[in-house]
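J.: This is the structure I have questions about; it appears just below.
In my numbering, the protein residues as written are 16 to 255.
What follows is the structure in C-alpha cells.
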C-alpha cells in the first residue's frame, strides 16, 4: 500500500483494486475515504480499511469525486457499514440518489467513436449501482476543517459536471478522474463531459500550489507534467 504524508502529518493511503484507486486520508485517529472502487472490490476494501483502524466512529466521511459507477458503486454499503456521511457535489446528488451515471464523451478518436455509440446505453443500462442519498452537498469549495482535516474540496468540473478534488494543505491533491495517470507524460482522461472545462479545472488545480496529484486510475502525476499538459490542451481548446 503506497502512502504519502503532508507536512502537517496527514497520511494518504492508496487503496488500489486493479484499474481503480480510492484513497484514505488519516490524521489523529480520524479518517476520510475518497471514492469506493467497484462492487467486486468490496471485501478487499473492507479488509484494507480494517487494517488501517477505520471504524464507524472514526470514518468522518466519504467523499465522492464524482458519481460514475467505478467510484460510487460501494457508497451505499460504506454508509451502512461505517455509519458515515456521504459528501457529493450538488450537481451530481440526483445521479447518486438514482444510482445513475453522468454522461461522458470520448476525448480521443477511439473513445469518441465508442462513446458516441455506446456510452449512454451502457452507463444507463449496465452500470447502474445501488442508489443512496448524499448527506452533504457542496458547490465550489468546502473546508474540511469541519471534519477534522487540513484542506478543502475544490470543484473541478469537466470529466463530469460535479467532479471534486480533495486539496490537502496545498501539497497533495486527490483528483478522481479529472486527471488520468495511465499513459506516460499524459494526464488526459479518455472520456469527459466537457474537455475544455476539464482543462480549465487543471488550471485551477495548478493554482492550489499542489505538487502531487493522485488520480483514480494509474499512478501519481507531478506538477511539471500537469503544467505541460495544461498548456498543450488549453491552446488546443482555445482554438475551437
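Yeah, the Cβ is synthetic: ideal placement off N, Cα and C, and Gly gets one too.
(1) Going by the beta-carbon positions, is the gap between residue 252 and residue 222 smaller than 8 Å?
(2) Which residue or residues does DSSP assign as beta-bridge partners of residue 111?
(3) Could you tell me the alpha carbon to alpha carbon distance between residue 229 and residue 144, rounded to whole angstroms?
(4) Does the separation of the CB atoms of residue 241 and residue 27 fall below 8 Å?
(5) Please state whether the Cβ-Cβ distance between residue 179 and residue 170 is less than 8 Å.
(6) Does the beta-carbon of residue 149 have 16 or more other beta-carbons within 10 angstroms, so that it is buried, or is it exposed?
(7) What residue range is occupied by the uninterrupted alpha helix (DSSP H) comprising residue 145?
(8) With a Cβ-Cβ cutoff of 8 Å, do residue 118 and residue 79 count as a contact?
(9) In the DSSP output, which residue or residues are listed as bridge partners for residue 187?
(10) According to DSSP, is residue 208 part of a helix, a strand, or is it coil?
(11) How many angstroms separate the CA atom of residue 237 from the CA atom of residue 214?
(12) Hey, quick one: how far does the beta strand (DSSP E) through residue 18 stretch, first residue to last?
(13) To which residues of the same chain is residue 163 closer than 8 Å at the C-beta, ignoring the five residues directly before and after it?
(14) Indicate whether residue 61 and residue 51 have their beta-carbon atoms separated by less than 8 Å.
(15) Looking only at its chain, what residues have a beta carbon closer than 8 Å to the beta carbon of residue 186, apart from the 5 residues adjacent to it on each side?
T.: Considering the structure as presented:
(1) It is not a contact, given that the beta carbons lie outside the stated cut-off.
(2) For residue 111, DSSP assigns no beta-bridge partner whatsoever.
(3) Near 25 Å, if we compare the C-alpha coordinates of residue 144 and residue 229.
(4) With contacts defined as CB atoms closer than 8 Å, residue 241 and residue 27 fail to qualify as a contacting pair.
(5) Contact flag set, yes.
(6) The Cβ neighbour count for residue 149, taken over all protein chains shown within 10 Å, is at least 16; the residue is labelled buried.
(7) Where residue 145 is concerned, there is no enclosing alpha helix (DSSP H), given that its DSSP letter is neither H nor E.
(8) Cβ atoms of residue 118 and residue 79: not closer than 8 Å.
(9) In DSSP, residue 187 forms a bridge with 183, 227.
(10) Reduced to three states, the DSSP call for residue 208 is coil.
(11) In a straight line, the C-alpha of residue 237 is about 16 Å away from that of residue 214.
(12) Counting along the chain, residue 18 sits inside the beta strand (DSSP E) bounded by residues 18–20.
(13) Only 42, 43, 45, 75 meet the Cβ criterion.
(14) No, the Cβ-Cβ distance between residue 61 and residue 51 is not below 8 Å.
(15) Contacts found: 21, 22, 224, 225, 226, 227.
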